[in-house]
Amino acid sequence: MRYRTPLLGLLLANALWVSATATASASDPITHYSERATALLRDAISRETVRGAGNVPAYADTLRDVFLEAGFPADALTIVPYDDTASLIVRFKGDGSSGRRPILLSAHMDVVPADADDWLRHPFELQEDDRFFYGRGVLDNKMDVSILTTLFVWLKESGFVPNRDLVIAFTGDEESLQETVQQLTRDYRDLIDAEYALVVDGGGGVLNDAGEAIQFQVGFAEKTYATFAMTAKNKGGHSSMPRADNAIYDLARAIQRLEAYQFPVETSEITMTYFARTAPLLNNEVGAAMAKLVSDPSDEDAIATLRAQPEYVGTLGTTCIPTMLAGGHAENALPRAVTATVNCRIFPGHTPNEIMRELQRVAENSELEWDVVGVPVSSPASDFNTEIMQAIGAALEPLHPNLPIVPEMGSGTTDGAYFRAAGIPSYSLSGIFINPKDSFAHGLNERVPRESIGESLRFWRAMVEELATNKN
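Quick note, the numbering used here runs 388 ahead of the 1-based positions in the sequence shown.
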């Protein structure tokens, strides 16, 4: 099956956008703007904005045109190129009556790769059934890009004037090197500087198996993302004369030792609060394990239960896992070098160098060579922000009354880590409600509930009105 070209995607998006505007003009705002957001999402999924493809700048140009058509002045829109990708910055000018610094809203335009042959549906065509939209990036993070774009258009077209500036920063390589967010914090701080950032990537609503909303998560902190290259080297030779000192064997033994090792259990105020508030909502052994852990952080049975769950293992300490292998130079030659890429999510309070030394100790081979890949960033947890939490509660009340709001520490890494490191407190949240069992971000057949579009628009409109409207 052929991929839709960016030009065709752009034409389709414009056609759908105009059609939605014409046919829904007499409808309620949610229906009207949900259709427009869906048109944007359809175009977004058609764009293979993976690292190295060079498709992000064209996507940013398309979004810029949407803002221009909605009445945003050209000088409020800035595309920042970076190698073959880009960022887009949008400023919604306020009247300044609050006397406060801007609010930054951030999401990313890039996605991880997807092989169409492995998917049930084509990853770069938005497809749907009665429950879900499907496509690479539909959950991470193009739904939220489409929602934020439509939100700003809705606010502009409805005549809303915030009491301080609102700024969107759409970055271009969050799923790989995260260099665009570093470029913004380093070279374009004046355009994105803010009192705090709402990172619309992660967090959000949690559904149970019955489809009921059981909690809303807000990320206050993230683990440090660090990647190491572990390399075994050898003098090589001909494959017809095998020897015991083989680089592949050396590396394999080290990987087995890493597999058998678990970092010590660690907790923090954020993670223990998360467990305490989540435990009563889960009527199963996982909820019981959380409650036991809160009572006794050394409870081995509780720890074993939680560590057996992929969605919770990262809350209990540092994790490291081999993710890539490379090596050898010919099928009939003994390898001279073999490398395993080891990706770590480091619990706050530890440095990448400290964790690398621990991995070296566990590998038990002083001949292995270790290198840090990229530049890991550590950032402090953001302080509790009463204003944001109250706004979340007010925005959720019409949608899901009395829903518990739970602080969390993200096991993954978002651009929020770099905003925090640059001194901008950051909070991760989304208007999407999803059952963790349906979360296939980065995996096959990625999906998001169809009703998330209307629900997200309601949520974010209410959030902006709470945070950027003068109260009498």
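Beta carbons are placed, not taken as given, at the ideal position from N, Cα and C, and that holds for glycine.
*What are the uninterrupted segments assigned as beta strand (DSSP E) that are 3 or more residues long and contained completely in the region 524 to 604, given in chain order?*
554 to 559, 584 to 587 and 592 to 595
*What residue from THR661, ILE780 and ASP528 has the CA that sits closest to MET358's CA?*
Nothing can be reported for residue 358, as the shown portion of the chain is limited to 389 through 860.
*What did DSSP end up calling GLY705 once you bin it into helix, strand or coil?*
Residue 705 sits at position 317 when you count from the first residue of the sequence shown. Residue state, collapsed to three classes: coil.
*For GLN515, I'd like the list of residues in its chain whose CB is within less than 8 Å of its CB, leaving aside the five on either flank, ordered along the chain.*
Stepping through the sequence shown from its first residue, residue 515 is reached at position 127. Around GLN515: ARG509, PHE521, TYR522 and GLY523.
*Environment of TYR815 [buried if 16+ CB atoms lie within 10 Å]*: If you number the sequence shown from 1, residue 815 lands on position 427. TYR815 should be labelled buried.
*Any contact of the region 831 to 843 with the region 413 to 430, i.e. 3+ C-beta pairs under 8 Å?*
yes
_Beta-bridge partners of ILE491, as assigned by DSSP_ = Indexing the sequence shown from 1 puts residue 491 at position 103. LEU554 and TYR584.
*Grouping DSSP H, G and I as helix and E and B as strand, with all else coil, what is GLY842?*
Numbered from its first residue, the sequence shown carries residue 842 at position 454. Helix at GLY842.
*Are VAL468 and ASP532 close, meaning C-beta to C-beta below 8 Å?*
Locating residue 468 in the sequence shown gives position 80, where the first residue counts as 1. Locating residue 532 in the sequence shown gives position 144, where the first residue counts as 1. No.
_C-beta atoms of THR615 and VAL761 nearer than 8 Å_ = Taking the sequence shown and counting its residues from 1, one reaches residue 615 at position 227. Taking the sequence shown and counting its residues from 1, one reaches residue 761 at position 373. Against a cut-off of 8 Å, the Cβ pair of VAL761 and THR615 comes out as a contact.
*Is ASN773 helix, strand or coil when you go by DSSP?*
Taking the first residue of the sequence shown as 1, we reach residue 773 at position 385. Three-state result, ASN773: coil.
*Where do the N-terminal and C-terminal ends of the beta strand (DSSP E) with GLU757 fall, by residue?*
Within the sequence shown, numbered from 1, the residue matching residue 757 stands at position 369. Start and end: 757 to 765.
_Is the separation between the beta-carbon of ALA601 and that of PHE821 shorter than 8 Å?_
Within the sequence shown, residue 601 is the residue found at index 213, counting from 1. Within the sequence shown, residue 821 is the residue found at index 433, counting from 1. Cβ distance < 8 Å, so ALA601 and PHE821 count as in contact.
*asked:* Less than 6 Å between C-beta atoms, sequence neighbours within five positions excluded: which residues of the same chain meet that for THR437?
replied: Here residue 437 refers to the residue found at position 49 when the sequence shown is read from its first residue. Answer for THR437: ASN443, VAL444, TYR447, MET497, ASP498 and VAL499, listed in chain order.
*Could you pull out every residue in the same chain whose Cβ sits closer than 7 Å to the Cβ of PRO511, ignoring the five residues on either side in sequence?*
Walking along the sequence shown from the start, residue 511 turns up at place 123. Within the same chain, PRO511 has close Cβ partners ALA502, ALA504, GLY523 and ARG524.
*GLN566 and ASP803: beta carbons closer than 8 Å?*
Walking along the sequence shown from the start, residue 566 turns up at place 178. Walking along the sequence shown from the start, residue 803 turns up at place 415. A contact, by the Cβ cut-off of 8 Å.
*Return the CA-CA distance between LEU543 and ARG849, expressed in angstroms with no decimal places.*
Residue numbering aside, residue 543 sits at position 155 when the sequence shown is read from its first letter. Residue numbering aside, residue 849 sits at position 461 when the sequence shown is read from its first letter. About 8 Å.
*Three-state secondary structure (DSSP) at PRO813?*
If you number the sequence shown from 1, residue 813 lands on position 425. PRO813 falls in the coil class under three-state DSSP.
*asked:* Considering only their Cβ atoms, is the gap separating SER686 from PRO736 smaller than 8 Å?
replied: Along the sequence shown, read from residue 1 onward, the residue named residue 736 stands at position 348. Along the sequence shown, read from residue 1 onward, the residue named residue 686 stands at position 298. Contact flag unset, no.
*Determine the DSSP secondary structure at PRO511, reduced to helix, strand or coil.*
Within the sequence shown, numbered from 1, the residue matching residue 511 stands at position 123. In the structure shown, PRO511 sits in coil (DSSP, three-state: anything other than H, G, I, E or B).
_From TYR662, GLU647 and ASP472, residue whose alpha carbon lies closest to that of SER564_ = Translated into the one-based positions of the sequence shown, residue 564 becomes position 176. The candidate whose alpha carbon is nearest that of SER564 is ASP472.
*Just curious, the beta strand (DSSP E) that SER475 is in, first and last residue?*
By 1-based counting over the sequence shown, the position of residue 475 is 87. From DSSP, the beta strand (DSSP E) with SER475 extends over 473 to 480.
*From the DSSP output, in three-state form, read off ALA714 for me.*
Sequence index remark: in the sequence shown, residue 714 carries index 326 (1-based). DSSP places ALA714 in strand when its eight states are reduced to three.
*Quick one, which of ALA676, TYR700 and ILE658 has its alpha-carbon nearest MET797's?*
Counting from one through the sequence shown, the residue named residue 797 turns up at place 409. Among ALA676, TYR700 and ILE658, the Cα nearest to that of MET797 belongs to ILE658.
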